[in-house]
Amino acid sequence: MIKSGSDWKFLTNQALVLSWIARHPRSTAREIAQVVGVTERTALKIVGELDDTGYISRKRVGRRNTYNVHSAKPLRNHIQDGVTVGDLLAVIAPRRQAAEPRQYYRPVVTGG
């Protein structure tokens, strides 16, 4: 049983960094750290791990890195056999189409 107030999360910091990079491929380590809620050093470590394991690649463009996510790469856990990075990102970091702004449901309230 999980105690209320415990500090567990559904997604690891690696998944959060990966999802952020997928949507913001020109982010700096500082930006990644601020969004994910880790130190800049930890963000750099996670980015390095993702690069070393082939989930992303980095290319230096001027003073910044540009990241490329390898969405066809399978996840590392045997329970998700056949599930790719792209499958995960489709759920946790969906891309909105620019031509179609997000629609929100607003219930119609009638007098009664």
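Using numbering that gives the first Met the number 0, the letters of the sequence shown map in sequence onto residues 0 to 111.
Glycine is no exception: its CB is placed at the ideal position from the N, C-alpha and C atoms.
Sequence-distant residues of its chain with Cβ nearer than 8 Å to Gln13 (five each side left out): Taking the sequence shown and counting its residues from 1, one reaches residue 13 at position 14. Excluding sequence neighbours, Gln13 sits near Ile45, Glu48 and Leu49.
Leu15 burial status per 10 Å Cβ neighbour count (16 or more: buried): Translated into the one-based positions of the sequence shown, residue 15 becomes position 16. It is buried - the Cβ of Leu15 has at least 16 other Cβ atoms within 10 Å.
Inter-stretch contact at 8 Å, needing at least 3 Cβ pairs: the region 14 to 31 / the region 77 to 93: yes
Own chain, CB closer than 6 Å to Ala92, minus 5 neighbours either side, in chain order: Here residue 92 is taken as the residue at index 93 of the sequence shown, counted from 1. Correct list, in chain order: Ser18, Ala21 and Arg22.
Endpoints, alpha helix (DSSP H) assigned at Val65: Counted from its first residue, the sequence shown places residue 65 at position 66. Per the sequence shown, the amino acid found at residue 65 is Thr instead of Val. Looking at the DSSP string, Thr65 is not in any alpha helix (DSSP H); the run it does join, the beta strand (DSSP E), is Arg63 to Val68.
Alpha carbon of Tyr66 to alpha carbon of Ile31, nearest angstrom: Taking the first residue of the sequence shown as position 1, residue 66 is located at position 67. Taking the first residue of the sequence shown as position 1, residue 31 is located at position 32. Between Tyr66 and Ile31, the C-alpha separation is close to 12 Å.
Complete runs of the alpha helix (DSSP H) confined to the region 12 to 82 [at least 4 residues]: 12 to 22, 28 to 35 and 39 to 51
Helix, strand or coil at Ala92 according to DSSP, with G and I counted as helix: For the purposes of this step, residue 92 is taken as residue 93 along the sequence shown, with counting starting at 1. Correct three-state label for Ala92: coil.
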